[in-house]
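> Here it is, the structure, as structure tokens.
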Amino acid sequence: MMELLAPAGNREAFQAALECGADAIYLGGQQFGARQYAPNFSRDELAQCIRQAHLLGVRVFITVNTLVDDSEMPQLRDYLRDLYDIGADAAILQDVGVARVAKRVAPGLPIHASTQMTVHDLPGVNYLADYGFDRVILSRELSLAEIGAICRHARCEVETFIHGALCICYSGQCLMSSMIGGRSGNRGRCAQPCRLPYRLTDTNSRDLLAGLGIGEYLLSPKDFQTIEVMPEYIKAGVASLKIEGRMKRPEYVAVVVDAYRRAIDRAYADPDNYRTPPEDLRELEQIFNRGFTTAHLFGKNSREMMSDRRPNNRGVLIGRVIRYLPRERGLILKLEGPLAVGDIIEVWVKVGGRVNIEVHEIRVEDVSVDTADSAQEVVIPCPEPVRPGDRVFKTFDRRLTEKARAWFGKPHARRRIPVTMTVEAAVGQPMKIEVGDRQGNLGAALTQQSGQAARNRPLTPAVLETQCSRLGNTPFRLEDFTTRIVGEVMVPVSEINDARRRAVEQLEENRLAAFRRPPLPEMTATLAVKMPVTAAAVSAATGDRPALASKVDTLAQVQVALSAGADWILLSGERFQGGLYQRDDYIKILSVVRNAGKRISCCLPRIIRDVGSDEVERRLAWFAELQPDSVSVATVGALARVKKYPELSIHADYPMNLFNSEALAFVKEQGAACATLSPELTLPQVQKLAQAAVLPLECLVHGHLTLMISEFCALGAYLGEQAGQPCTAPCKQSGYRLQDRKGEFFPVVSDDSCRMHILNGKELSMLPHVYRFHQAGIARLRIEGCRMNPEDLGKITALYRRAIDAGASGLDMAEIDAAEHEDITRGHYFRGVL
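Here my numbering is used: the first residue of the sequence shown is 75, the next is one more, and so on.
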């Protein structure tokens, strides 16, 4: 049966997930987790939760799904070993370097690949499986057909999300929060810039959506909801269904887990007649929603999946205002759903935003009532004027919240293990109590005293059952009870209770035994740090100046960059100008580069889905024939595809989130000949990595960096969609930008696969600091030139060429000042990320 995997951001949410039917629960400790703003759990709390869950047969996975700095590695090693020792059923990882450490220092601790690893194809899944991952959590952009195809051929378990908040960007590829606010999603501190308001403008700052009735939250998706298609997941063969929500309230966890638990059970029991009760849909909507969508589950989705009018909980529509009563400061509302005192409602005022009301009083025909039902007209106090026809939404349902809390609140647990109990008693013999579960686990205990001949009140089966069924503080409930009493015997109640307690404790220990592991070997220096052997470390000691690379998209850019002094060309895997490259195009470009005596790396697309991957396989066959100096890969899936061609040299690009020396060692061991460091590193971090590098390193030094890559295209959704017609491709007609509430602009472009790329409006420039990269031992500096016109690319490339050649003296500051404009940034090189 598919596993139902529930979130828990605090102890109450954990209890809610446990009591409401989760098969497994994922939660975070107080370090290395992607939800650093959740309360999370201390080591002792983790251990307690794991024990409690294991008693019920529920597994617990711990999130270790952030990028880790080298300075944190000792702490990470101890943490992973701690997770092993306290019985965590798996660690969920983003960082390939962390995976390398985990395999070494905590062998036997299962590891799951987080959705932050951006795995969205079968080669990526199986590559990680072969490396030692037990499970891969797929990107949320995949269709059910793609998920099923992966599951059929995967060499490990496959997990997928089924409910909760969506990221508009491919998880693990978003730099927007990081670059504009310093709060990195890759470090667990995403500020959710996708939930903020934006204007879509042309390059003249003209609002292109004005008057079209489109909201301002242009990047805010609805919430994922798939409860109506549970049988389809069974057919797909998914191992685990994941609910998002470690930042959500316990009541949310309770309602959602309860609904999906019953849905999965119904889907297995009778898939042909599977239906979702309307009440379940209503409760899911009521507990939290931004509107619901199946996103890309049934094919590429667009405008329908967006909540552009509201980025947070919208509640449930319960009616429209009939009129406002100014004297009474109240509104008359015709209900379309139930309402109770204690609920919170929100009036969506046509002009002026929202009016929030906590319902303290409801009047029906001048009589105060606690509740009112659909079709009734009610009067509710309202502090601000509203208009007839204004919609009213219930954003908090008191009765639903109370119902949810009753499921997981003390004193009565909802989820208990049925047990049988047998009691044997005879005069002159200790009483024996044996308790067992359905899985065959047993616990038994004898009383300290032997049974005595009863004078007036001998034990009876009813008396014994009353005493032995007192299991209130245990995870058990008595299902069946039998006795064997020989003669008229008496045993003190205190003795019976003590034996029952010891028998139950033994059963608990025997249930936990299935989860116990052998102790880990002692940590040694070899275990702590193990880097691959390399012929020669690449460091500043070589004295070589960095090479200069330009990443480009067109032949014209190639020619300009080479003329201006580029040593390397990185030919983009996505096309932003013109159609797909053909074999003759590659032949021509490689010829131009080689005739100039320079080198070229041909990039694979940043996202490679199995559907449509034939084009990528054709390119790889061409590369194997034409032999570029390297092939650039951005994901483990792309890495797996290139490794089928051992004659090709591999460049591991920065979307692989190479943040520490262990990650660099990973890509080195997997065949990479060079690697680009994460742009979220500071210069001191870069220097430390370069000094101990096991392969040549590249750093980004100039250009408008991609902050988001998304299957959702804002241009197509808001400008190019026409009812029943193909997209009109506005991306090919003009230049576009998003403008945030602070007036900052972010260029928006679409690639040849209709994926949206949102770029930083601030141009990265490290012109004044080129020599610092030389000092650090960086082998190559890179200009992101795909979106530059040839003239600008030539100027920038020439400046960096001269800056590199000038060595320690660098460029004249007047020349730098003339080249740099007000919209430049130094990225994270001097500020770092939280």
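Using N, Cα and C, we set each Cβ at its ideal position, and we do this for glycine too.
Keep in mind it's a predicted model, so treat the numbers as computed, not measured.
Quick one: residues in its chain with C-beta nearer than 6 Å to the C-beta of Thr667, no 5 flanking neighbours on either side, listed in chain order?
Counting from one through the sequence shown, the residue named residue 667 turns up at place 593. Per the sequence shown, the amino acid found at residue 667 is Val instead of Thr. Here the set comprises Ile643, Ile674.
> Could you check if Thr871 is buried or exposed, using at least 16 other CB atoms within 10 Å of its CB as the buried criterion?
In the sequence shown, residue 871 corresponds to position 797, counting from 1. Its Cβ being crowded by 16 or more others within 10 Å, Thr871 is buried.
> Taking only runs that begin and end inside the region 727-791, name each unbroken alpha helix (DSSP H) of 4 or more residues, in chain order.
Runs found: 735-743, 757-765.
> Could you compute how far the alpha carbon of Ala112 sits from the alpha carbon of Gly389?
In the sequence shown, counting from the first residue as 1, residue 112 sits at position 38. In the sequence shown, counting from the first residue as 1, residue 389 sits at position 315. Distance between the alpha carbons of Ala112 and Gly389: 23 Å.
> Looking only at its own chain, which residues have a Cβ that is under 8 Å from the Cβ of Val578, when we skip the five neighbours before and after it?
For the purposes of this step, residue 578 is taken as the residue at position 504 of the sequence shown. Excluding positions up to five away in sequence, the list reads Val509, Gly517, Leu545, Thr548, Phe550.
> So, does the region 779-790 touch the region 826-841, judging by three or more C-beta pairs under 8 Å?
Yes, the region 779-790 is in contact with the region 826-841.
> Taking the DSSP output, what are the residues bridged to Trp642?
Residue numbering aside, residue 642 sits at position 568 when the sequence shown is read from its first letter. Answer is Ala623, Arg673.
> Pull up the CB-CB distance for Val26 and Leu738, whole angstroms please, since I reckon it's below 8 Å.
In the structure as shown, the chain starts at 75 and stops at 908, and residue 26 therefore has no counterpart that could be examined.
> Between Asp118 and Gly102, what straight-line distance do the alpha-carbon atoms span, to the nearest angstrom?
The residue labelled residue 118 in the question sits at position 44 within the sequence shown. The residue labelled residue 102 in the question sits at position 28 within the sequence shown. Each residue's alpha carbon lies about 13 Å from the other.
> Determine contact between the region 408-416 and the region 478-493, defined as no fewer than three beta-carbon pairs at a distance below 8 Å.
Not touching, per the Cβ criterion.
> Quick check on Gln523: does DSSP put it in helix, strand or coil?
Sequence index remark: in the sequence shown, residue 523 carries index 449 (1-based). Reduced to three states, the DSSP call for Gln523 is strand.
> Take Ala239 and list the residues in its own chain whose beta-carbon comes closer than 7 Å to its own, dropping the five residues that flank it on each side.
Taking the sequence shown and counting its residues from 1, the one referred to as residue 239 is at position 165. Only Asp297, Glu318 meet the Cβ criterion.
> Could you tell me whether the Cβ atoms of Arg811 and Thr275 are closer together than 8 Å?
Counting from 1 along the sequence shown, the entry for residue 811 is found at position 737. Counting from 1 along the sequence shown, the entry for residue 275 is found at position 201. Yes, they are a contact pair.
> Between which two residues does the beta strand (DSSP E) containing Pro821 stretch?
As a first step, residue 821 must be located in the sequence shown, where it is residue number 747. First-last of the beta strand (DSSP E) with Pro821: 819-824.
> List in chain order: all unbroken alpha helix (DSSP H) runs of 4+ residues lying wholly within the region 466-539.
With a minimum length of 4 residues, the continuous alpha helix (DSSP H) runs that stay inside the region 466-539 are 472-482.
> Quick test of your reading: Val134 and Asp163, contact by CB under 8 Å. State the CB separation rounded to the nearest angstrom.
Numbered from 1 along the sequence shown, position 60 holds the residue referred to as residue 134. Numbered from 1 along the sequence shown, position 89 holds the residue referred to as residue 163. Going by Cβ atoms, the distance from Val134 to Asp163 rounds to 6 Å, so yes, they are a contact pair.
> Only counting runs of 3 or more residues, tell me where the beta strand (DSSP E) segments fall wholly within the region 109-154, in order along the chain.
Counting whole runs of 3 or more residues, the region 109-154 contains the beta strand (DSSP E) stretches 133-138.
> Residues bridged to Gly404 by DSSP?
The sequence position of residue 404 within the sequence shown is 330, counting from 1. Answer by DSSP bridge pairing, in chain order: Leu399, Pro455.
> Which residue from Ser294, Gly259, Ala98 puts its Cα closest to that of Arg269?
For the purposes of this step, residue 269 is taken as residue 195 along the sequence shown, with counting starting at 1. With distances taken between Cα atoms, Arg269 lies closest to Ser294.
> On the criterion of 16 or more Cβ atoms from any shown chain inside 10 Å, does Thr616 qualify as buried, or is it exposed?
Here residue 616 is taken as the residue at index 542 of the sequence shown, counted from 1. At Thr616, the pLDDT of 43 sits below 50, so the modelled position is not reliable; the number obtained from the coordinates is stated separately. Result: exposed.
> What residue does the alpha helix (DSSP H) around Pro81 start on, and which one ends it?
In the sequence shown, the residue the question calls residue 81 occupies position 7. Not the alpha helix (DSSP H): Pro81 falls in the beta strand (DSSP E), residues 77-82.
> Beta-carbon separation of Val193 and Gly835 under 8 Å?
Residue numbering aside, residue 193 sits at position 119 when the sequence shown is read from its first letter. Residue numbering aside, residue 835 sits at position 761 when the sequence shown is read from its first letter. Not in contact: Val193 and Gly835 (Cβ atoms no closer than 8 Å).
> What are the partner residues of Glu295, as DSSP defines its beta bridges?
The residue given as residue 295 occupies position 221 in the sequence shown. It is worth fixing the name first, because residue 295 is Pro in this sequence and not Glu. For Pro295, which the question treats as bridged, DSSP gives the partners Met380.
> I'd like to know whether the C-beta atoms of Val175 and Glu736 end up nearer to each other than 8 Å.
Here residue 175 refers to the residue found at position 101 of the sequence shown. Here residue 736 refers to the residue found at position 662 of the sequence shown. Cβ distance < 8 Å, so Val175 and Glu736 count as in contact.
> What number of angstroms, rounded off, separates the C-alpha of Leu154 from the C-alpha of Cys805?
Translated into positions along the sequence shown, residue 154 becomes position 80. Translated into positions along the sequence shown, residue 805 becomes position 731. Roughly 47 Å separates the two Cα atoms.
> Give the C-beta separation of Asn386 and Arg364 to the nearest angstrom, bearing in mind that I take them to be a contact with Cβ-Cβ under 8 Å.
Counted from its first residue, the sequence shown places residue 386 at position 312. Counted from its first residue, the sequence shown places residue 364 at position 290. 7 Å between Cβ atoms; contact.
> Ile682 by DSSP, collapsed to three states: which one?
Taking the sequence shown and counting its residues from 1, one reaches residue 682 at position 608. Of the three classes helix, strand and coil, the one that applies to Ile682 here is coil, per DSSP.
> Does the region 120-135 come into contact with the region 575-594, if we say contact requires no fewer than three beta-carbon pairs (one atom in each stretch) closer than 8 Å?
Contact between the region 120-135 and the region 575-594 is present, because at least three Cβ pairs lie under 8 Å.
> Report the rounded CA-to-CA distance for Ile570 versus Phe362, giving the unit in angstroms.
Start at 1 with the first residue of the sequence shown, and residue 570 comes out as number 496. Start at 1 with the first residue of the sequence shown, and residue 362 comes out as number 288. Ile570 and Phe362: Cα-Cα distance of roughly 49 Å.
> Taking the alpha-carbon of Gln523 as reference, which of Pro532, Arg529, Pro504, Pro305 has the nearest alpha-carbon?
The sequence position of residue 523 within the sequence shown is 449, counting from 1. Among Pro532, Arg529, Pro504, Pro305, the Cα nearest to that of Gln523 belongs to Pro504.
> Can you tell me whether Pro606 is buried or exposed? The criterion is at least 16 other CB atoms within 10 Å of its CB, across all chains shown.
Taking the sequence shown and counting its residues from 1, one reaches residue 606 at position 532. Label assigned to Pro606: exposed.
> Between Val421 and Asp471, which are expected to be in contact by the criterion C-beta below 8 Å, what is the C-beta distance as a whole number of angstroms?
Here residue 421 is taken as the residue at index 347 of the sequence shown, counted from 1. Here residue 471 is taken as the residue at index 397 of the sequence shown, counted from 1. In fact, because the Cβ distance is near 17 Å, the residues do not count as touching under 8 Å.
> Just tell me which of Gln450, Glu378, Ile99, Glu539 has its CA closest to the CA of Ile288.
What you label residue 288 is simply residue 214 of the sequence shown in a count that begins at 1. It is Glu378.
> Using DSSP bridges, identify the partner residues of Val327.
Locating residue 327 in the sequence shown gives position 253, counting from the first residue. DSSP, once it has assigned bridges, lists no residue as partnering Val327.
> Which residues mark the beginning and the end of the alpha helix (DSSP H) in which Asn571 is found?
Within the sequence shown, the letter at position 497 stands for residue 571. 567-587 is the extent of the alpha helix (DSSP H) around Asn571.
> Mark Leu722 as exposed unless 16 or more other C-beta atoms lie within 10 angstroms of its C-beta, in which case mark it buried.
The residue labelled residue 722 in the question sits at position 648 within the sequence shown. Leu722 is buried by the Cβ-count criterion.
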